[in-house]
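Asks: Chains A and B, in that order, give the protein sequences.
Okay, so the first sequence: first residue is 702 according to my numbering, each after it adds one.
Okay, so the second sequence: first residue is 6 according to my numbering, each after it adds one.
Pasting a structure below so you can have a look.
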Amino acid sequence: MSLLSEIDVLTLARAQFGFTVAFHIVFPSFSIGLASYLAVLEGLWLATGREVFINLFHYWLKIFAIAFAMGVVSGLVMSYQFGTNWSVYSDRTGPVLGPLIAYEVMSAFFLEAGFLGVMLFGMKKVGRGLHMLATLMVAVGTGFSAFWIVSVNSWMQTPAGYGTNAQGQFVPLDWWAIVFNPSFPYRLVHMVLAAYLTTALVVGGVGAWHLLRDRANAGARTMFSMAMWMLACVAPLQILAGDAHGLNTLAHQPAKVMAMEGHFRGHPDGAPLILFGLPDQDAATVRYALEVPKLSSLILKHSLDAALDGLDSVPRANWPPVPIVFWSFRIMVGLGVAMLGVGLWSLWARWRGRLYETTWLHRVAVTMGPAGFVAVLAGWITTEVGRQPFTVYGLLRTAQSASPLQVPAVASSLLAFVVIYLSVFGMGILYILRLMAHAPHRGEEGPEVGLPIRAAGLTPAPAVDPDRHLQPAE
Amino acid sequence: MNAAFDLSTVWAFVIAFAVFAYVVMDGFDLGVGLLFPSLRAGEERNVAMNSIAPVWDGNETWLVLGGGGLFAAFPLAYAIILPALYAPIVAMLLGLVFRGVAFEFRWRDPHHRAFWDVAFAGGSLVAALAQGIALGALLQGIAVTGRGYGGGRWDWLTPFSLFTGISLVLGYALLGATWLVMRTEGTTRELGRRMAFRFGIATIVCIAAVSAATPLLDAAFAARWFAWPNVLLTAQVPLLVVLGSVLFLRTLMRGAERAPFLLALGLFGLSYVGLGISIYPDIVPGRVTIWEAASPRSSQIFMLVGAGVLIPVILAYTAYAYWVFRGKVGADGYH
Chain A
702 MSLLSEIDVL TLARAQFGFT VAFHIVFPSF SIGLASYLAV LEGLWLATGR EVFINLFHYW
762 LKIFAIAFAM GVVSGLVMSY QFGTNWSVYS DRTGPVLGPL IAYEVMSAFF LEAGFLGVML
822 FGMKKVGRGL HMLATLMVAV GTGFSAFWIV SVNSWMQTPA GYGTNAQGQF VPLDWWAIVF
882 NPSFPYRLVH MVLAAYLTTA LVVGGVGAWH LLRDRANAGA RTMFSMAMWM LACVAPLQIL
942 AGDAHGLNTL AHQPAKVMAM EGHFRGHPDG APLILFGLPD QDAATVRYAL EVPKLSSLIL
1002 KHSLDAALDG LDSVPRANWP PVPIVFWSFR IMVGLGVAML GVGLWSLWAR WRGRLYETTW
1062 LHRVAVTMGP AGFVAVLAGW ITTEVGRQPF TVYGLLRTAQ SASPLQVPAV ASSLLAFVVI
1122 YLSVFGMGIL YILRLMAHAP HRGEEGPEVG LPIRAAGLTP APAVDPDRHL QPAE
Chain B
6 MNAAFDLSTV WAFVIAFAVF AYVVMDGFDL GVGLLFPSLR AGEERNVAMN SIAPVWDGNE
66 TWLVLGGGGL FAAFPLAYAI ILPALYAPIV AMLLGLVFRG VAFEFRWRDP HHRAFWDVAF
126 AGGSLVAALA QGIALGALLQ GIAVTGRGYG GGRWDWLTPF SLFTGISLVL GYALLGATWL
186 VMRTEGTTRE LGRRMAFRFG IATIVCIAAV SAATPLLDAA FAARWFAWPN VLLTAQVPLL
246 VVLGSVLFLR TLMRGAERAP FLLALGLFGL SYVGLGISIY PDIVPGRVTI WEAASPRSSQ
306 IFMLVGAGVL IPVILAYTAY AYWVFRGKVG ADGYH
């Protein structure tokens, strides 16, 4: 308990929120992309009748089911944690942000959940057309969900359209300005592209893994090819979107960009781009900085000699933790560039007609399989830690947002979350990896061969086939 | 009696509806989880699981709507109640984590299926108990300081809240048992019938005990029940509970398959109405009314537009999903 007394409730509550949301964000960023991929696969199957598409559909559907279940239960935790651990924030922001979250639940969660059962279990019950509709509804639901939750997050970064009342609450004045707040369009595009990239890298990595074992596997060839097209198209778009998002951040949250760049002091005639270095927050300097003169001004202001302010123009109490933001930003950008590289390499290999034979490309694609998740987490850390020390940027401090709880209560809940998340989601990720390890094959459980629609069919006993059990008796 | 008054009342009913939809729908899911240890490993458990697998996720979403709706329409209540019920809510969420992933994981990992079956049952038990405890803790009163929770970390734990916790576990087990009677055949249905009888009696006893204890907690509760002429209306609730209990036991003994489930839901509905009579128009009993906790009018209107359009649509496709998976969940289907 002596250690606990050193730590305050705020730190514990932040650790718990960071930990639980870090786990949660991984699952939707995969399932947003995967839901769209499944809709594309099923649509291609309906349009062409080619067996490989329905095989791949069933292959990825089993993985989607697990990822989605983990997303649902970890998301449920998030929707209550605002209240349990951040009650002052909830009281203040509820009138503005509550309705957006309510819209997310009503337009997205129910749509996903309502049609997920049909998507997973219902192919033989509802026919192909309605099943395609169910798959589409799940994909649309994940998109709506991203729309609303990114709007909420963006409002916390760039609040707009609000007033305040006598109780100190933010109250809505203009809903359009609230939903479409200044950073929202940029953040939404950046996040959705990130989800597509994450999925493309996972699908491409799994395809490459099986190509390395069997170059002739039709499913592996198709998924690898589709993923590489996606990567080659989306990675450049993402770099453009990220750049635009960065300029938007410079306009609205300059201190965050200063931390990303490691600019502790202002540069009146052209700021250098610090490639690497060791930011020292206390000394307000970047040690061992390796810099390119004036490049930062060129990127951020499109002019070599443009002046850029540094953190010395911001009160120290409003500085974000610079080293974290500085490093997470570099990890994200580095991985983005690597993604672009793999995409271009795949185009080259495809043009040479050696897409399925370039084993080094396959090895690199396998290595890059999890890169999307790392980049999403790094990007999320950049933007959320860069928002500190505020929950609502410039208006409500993190230190003033927490619930009136006692240290033992939050310490024990944090411990419980860590132990349970690591074990439960660790097992889930293991199950997903096991599914990925098995090569896609002909007759992947599907309706046309009269086999069960999913997972349960892999288990030894035919009696556990859920699709058969669910047939009406009459 | 201005428009804001009406909107807050409307929102109180919308959220009450969402919470009741959750209790009704996830109640039988959690109930099936509670009964899992009594089912034989293999066919019986697989059938029971398959009867709820396509719908559990939608059912649980009503809990998200209840929480999200409270945050949006009554942020002050959300900010006071959730920290007050910190431990039971965290326990409920973690219980639901185990319950939710077990649906997928038990099929994925046949070697550890026994473990995930325990996780499924244990998660359901923790979630049900925690929800009942949270209800009891809310009823017995929450300390408020300023615009926040003003009590300690163990305030939620009392004999009364423990008793409501156990009551809800028994009630969910009843819903699960009658669900199995309706949706399954053979030995699973017979087990459901025995369990429905046992948990039916227990639930009726608990409803009586909680009903007797509640007016004693707070003079305001008693006044809302017994004041003249309200008593003419409120007295119908216990009378209907008696009638429903008798009908429930009779239909169950006669071998009916649907009626016991519907009557068990009816008993839940009546208890819920009773709860509403005790609390309304407070949202934090004895402390904060729905009008004090309400969001500004523009927040409530903005959401009401969406809710008015979307909730009927949600109900329509939820009904469709239930319809697709209707009928008996046979042991080996019609093959």
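Cβ coordinates follow ideal geometry from the N, Cα and C atoms, glycine included.
Quantities reported herein were computed from a predicted structural model and do not represent experimental measurements.
Closer than 6 Å by C-beta to residue 956 of chain A: which residues in its own chain qualify, once you throw out the five before and the five after it? Chain order, please.
Replies: Result list for residue 956 of chain A: 1015, in chain order.
Asks: Which of the three DSSP states is assigned to residue 968 of chain A in this structure?
Replies: The answer is strand: DSSP assigns residue 968 of chain A an E or B state.
Asks: Taking 7 Å as the limit between beta carbons, can you name the residues of its chain near residue 87 of chain B, skipping five residues before and five after?
Replies: Around residue 87 of chain B: 94.
Asks: Grab the span of the beta strand (DSSP E) containing residue 864 of chain A for me, first residue to last.
Replies: Counting along the chain, the beta strand (DSSP E) containing residue 864 of chain A begins and ends at 863-865.
Asks: State the DSSP-derived secondary structure class of residue 1106 of chain A, mapped to helix, strand or coil.
Replies: If DSSP states are grouped into helix, strand and coil, residue 1106 of chain A belongs with coil.
Asks: Please specify which runs of the alpha helix (DSSP H), each continuous and at least 4 residues long, are wholly inside the stretch 770-838 of chain A, giving them in chain order.
Replies: Segments of the alpha helix (DSSP H) lying fully in the stretch 770-838 of chain A: 788-805 and 811-822.
Asks: Helix, strand or coil for residue 109 of chain B, going by three-state DSSP, please let me know.
Replies: Helix at residue 109 of chain B.
Asks: Determine the burial state of residue 332 of chain B: buried for a count of at least 16 other Cβ atoms within 10 Å of its Cβ, exposed for fewer.
Replies: With fewer than 16 Cβ atoms within 10 Å of its Cβ, residue 332 of chain B is classed as exposed.
Asks: Given this structure, state the Cα-to-Cα distance separating residue 283 of chain B from residue 221 of chain B, to the nearest angstrom.
Replies: Computed Cα separation, rounded: 11 Å.
Asks: On the DSSP bridge list, what partners appear for residue 153 of chain B?
Replies: According to DSSP, residue 153 of chain B bridges with B/150.
Asks: With DSSP as the reference, identify every bridge partner of residue 975 of chain A, one or two as the case may be.
Replies: Note: residue 975 of chain A sits in a beta bridge opposite A/992.
Asks: Are any of the Cβ atoms in chain B nearer than 8 Å to that of residue 761 of chain A?
Replies: It does not: the Cβ of residue 761 of chain A has no partner Cβ on chain B nearer than 8 Å.
Asks: Kindly indicate if chain A contains any beta-carbon less than 8 Å away from that of residue 33 of chain B.
Replies: Not one chain A Cβ lies under 8 Å of residue 33 of chain B.
Asks: Between B/107, B/82, B/123 and B/105, which lies nearest to residue 799 of chain A when the distance is taken from Cα to Cα?
Replies: Cα-wise, what sits closest to residue 799 of chain A is B/82.
Asks: Any idea if residue 891 of chain A is buried or exposed, counting beta-carbon neighbours within 10 angstroms, 16 or more meaning buried?
Replies: Buried.
Asks: Would residue 713 of chain A pass as an interface residue toward chain B - the criterion being a Cβ-Cβ separation below 8 Å?
Replies: By this cut-off, residue 713 of chain A is not an interface position.
Asks: Hey, out of A/971, A/1010, A/1008 and A/1037, whose CA is closest to residue 992 of chain A's CA?
Replies: Of the listed residues, the one whose Cα sits closest to residue 992 of chain A is A/971.
Asks: Would you check if the distance between the CB atom of residue 28 of chain B and the CB atom of residue 204 of chain B is smaller than 8 Å?
Replies: Contact: no.
Asks: Return the chain-ordered list of same chain residues with a C-beta closer than 8 Å to the C-beta of residue 194 of chain B, the five sequence neighbours on each side being excluded.
Replies: The answer, listed in chain order, is 185, 186 and 262.
Asks: Leaving out five residues on either side along the sequence, give the residues of the same chain with a beta carbon under 8 Å from the beta carbon of residue 1021 of chain A.
Replies: So the list reads 956, 957, 960, 1086, 1087, 1088, 1089 and 1090, once near-sequence residues are dropped.
Asks: Of the choices A/953, A/975 and A/1098, whose alpha-carbon is the least far from that of residue 963 of chain A?
Replies: When only C-alpha atoms are compared, the closest one is A/975.
Asks: Please compile the residues from chain A whose C-beta is within a distance smaller than 7 Å of the C-beta of residue 315 of chain B.
Replies: Residues of chain A passing the Cβ test: 807 and 808.
Asks: Give the range of the alpha helix (DSSP H) segment to which residue 287 of chain B is assigned.
Replies: Note, residue 287 of chain B: premise wrong, no alpha helix (DSSP H); beta strand (DSSP E) at 287-289.
Asks: With the cut-off set at 8 Å, would you say residue 275 of chain B and residue 201 of chain B are in Cβ contact?
Replies: Cβ atoms of residue 275 of chain B and residue 201 of chain B: not closer than 8 Å.
Asks: Only counting the same chain, and skipping five residues up and downstream in sequence, which positions put a Cβ closer than 7 Å to that of residue 252 of chain B?
Replies: Taken in chain order, the residues that qualify are 268.
Asks: Mind the definition here: the stretch 1027-1038 of chain A touches the stretch 1067-1086 of chain A only if three or more C-beta pairs lie below 8 Å; say whether that holds.
Replies: Contact between the stretch 1027-1038 of chain A and the stretch 1067-1086 of chain A is present, because at least three Cβ pairs lie under 8 Å.
Asks: Does DSSP put residue 1090 of chain A in a helix, in a strand, or in coil?
Replies: Coil, per DSSP.
Asks: Measure from the alpha carbon of residue 1060 of chain A to the alpha carbon of each residue in A/1135, A/1037 and A/912, then state which is nearest.
Replies: The shortest C-alpha separation from residue 1060 of chain A is found at A/912.
Asks: What would DSSP say about residue 871 of chain A, mapped onto helix, strand or coil?
Replies: DSSP places residue 871 of chain A in strand when its eight states are reduced to three.
Asks: Please return the same chain residues whose Cβ sits closer than 7 Å to the Cβ of residue 172 of chain B, not counting the five positions on each side in sequence.
Replies: Excluding positions up to five away in sequence, the list reads 137, 211 and 215.
Asks: Tell me whether the beta-carbon of residue 761 of chain A lies closer than 8 Å to the beta-carbon of residue 755 of chain A.
Replies: Taking 8 Å as the Cβ cut-off, residue 761 of chain A and residue 755 of chain A do not qualify as a contacting pair.
Asks: State the DSSP-derived secondary structure class of residue 301 of chain B, mapped to helix, strand or coil.
Replies: The answer is coil: DSSP assigns residue 301 of chain B none of H, G, I, E or B.
Asks: Quick check on this structure: which residue in B/145, B/97 and B/287 has the alpha carbon closest to the alpha carbon of residue 130 of chain B?
Replies: Taking only the C-alpha atoms, the option nearest residue 130 of chain B is B/97.
Asks: Is it true that the stretch 778-790 of chain A meets the stretch 108-126 of chain B, where meeting means three or more beta-carbon pairs spaced less than 8 Å apart?
Replies: No: the two stretches stay apart, fewer than three of their Cβ pairs being nearer than 8 Å.
Asks: When DSSP labels each residue in this structure, what does residue 1119 of chain A get in the three-state scheme?
Replies: DSSP places residue 1119 of chain A in helix when its eight states are reduced to three.
Asks: For residue 126 of chain B, name the three-state secondary structure that DSSP assigns.
Replies: Helix at residue 126 of chain B.
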